[in-house]
Amino acid sequence: MENAAQNRNLILIGMMGTGKSTVGALLAEKLGYRMVDLDVELERREGRTIPDIFANEGEDYFRDAETAVLHKVLEDNGQVVATGGGAVLREGNCRAMLNNGYVVALSAQAESIVERVRSSADRPLLAGDVEGRVRKIMEERKDAYSFAHVTIDTTGVGAGKVVELILAHY
Ligand code: S3P
């Protein structure tokens with residue numbers, strides 16, 4: 176764990192439903208790092224939920240707020256940072272992640288993502304036809320996560336095993 180020795184941030188990116196928050200919490204516990212879930216941090220700062228922000232302010236406002244929170248969080252070290260799936264849509268954010276941490280992309284097959292996100296009502300981008308939206312967004316973002324230092328396919332893999340796989344690289 177050459178990166179852990181330097182308390183280098185471990186940053187999780189990837190599509191919605193790839194397990195960033197679950198895996199992040201387990202990783203933080205193992206490493207003795209602070210867990211920062213960017214969506215949670217953003218909601219705390221805004222004093223309202225993500226669906227609320229999308230509904231009242233729109234996606235551009237959300238992306239600006241997400242970008243501001245990400246840059247602020249990356250001023251610190253020794254954290255596991257679970258980002259929202261769209262945090263990679265701004266190039267400056269990707270650069271900031273690479274400069275301030277070890278970036279791990281979690282991937283999964285569409286069927287597996289659909290299964291994981293189906294019951295949650297807190298993702299405005301998936302409202303309506305969940306499967307159709309997941310497939311469309313995956314297509315739009317097919318190269319968006321490839322800047323990561325390493326990519327871990329989580330399809331059919333439990334969170335504990337994903338943690339092990341990540342720590343083998345970190
Ligand atoms: C989004 C992903 C969500 C959240 C918002 C937008 C996206 O986070 O930030 O609903 O654009 O992929 P999760 O990836 O944690 O679900």
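Here the sequence shown is numbered in this note's numbering, starting from 176 and rising by one per residue. Beta carbons are placed, not taken as given, at the ideal position from N, Cα and C, and that holds for glycine.
Tyr-236 in three-state terms, based on DSSP
helix
Throw me the rounded Cβ distance for the Val-278 and Ala-203 pair, which I believe falls under 8 Å.
Wrong, their Cβ atoms sit about 16 Å apart, outside the cutoff.
Less than 7 Å between the CB of His-310 and some heavy atom of the ligand S3P, yes or no?
A quick correction: the sequence has Arg, not His, at residue 310. The answer is no for Arg-310.
Check whether the segment 203-213 and the segment 304-312 are in contact - that is, three or more C-beta pairs closer than 8 Å.
no
Can you list, in chain order, the residues of its chain whose CB lies under 8 Å from that of Val-338, leaving out five sequence neighbours each side?
Val-198, Leu-201, Leu-202 and Lys-205
Taking only the alpha-carbon atoms, compute the straight-line gap between Gln-284 and Ser-294 and give it to the nearest angstrom.
17 Å
Given Glu-234 as reference, the closest of Pro-299, Glu-177, Gly-207 and Asp-328 once Cα atoms are compared
Pro-299
Whole-angstrom C-beta distance between Ala-280 and Tyr-320, which should lie under 8 Å:
4 Å
State the DSSP-derived secondary structure class of Val-338, mapped to helix, strand or coil.
helix
Which partner residues does Gln-254 have in the DSSP bridge list?
Bridge partners of Gln-254: Arg-209.
Smallest Cα separation from Asn-274: which of Val-292, Gly-194, Asp-251 and Lys-311?
Asp-251
What is the DSSP secondary structure of Ala-302, counted as helix, strand or coil?
coil
Classify Thr-242 as helix, strand or coil using the three-state DSSP reduction.
Helix, per DSSP.
In whole angstroms, give me the CA-to-CA distance for Asn-178 and Ala-240.
Taking the straight line joining both Cα atoms gives about 29 Å.
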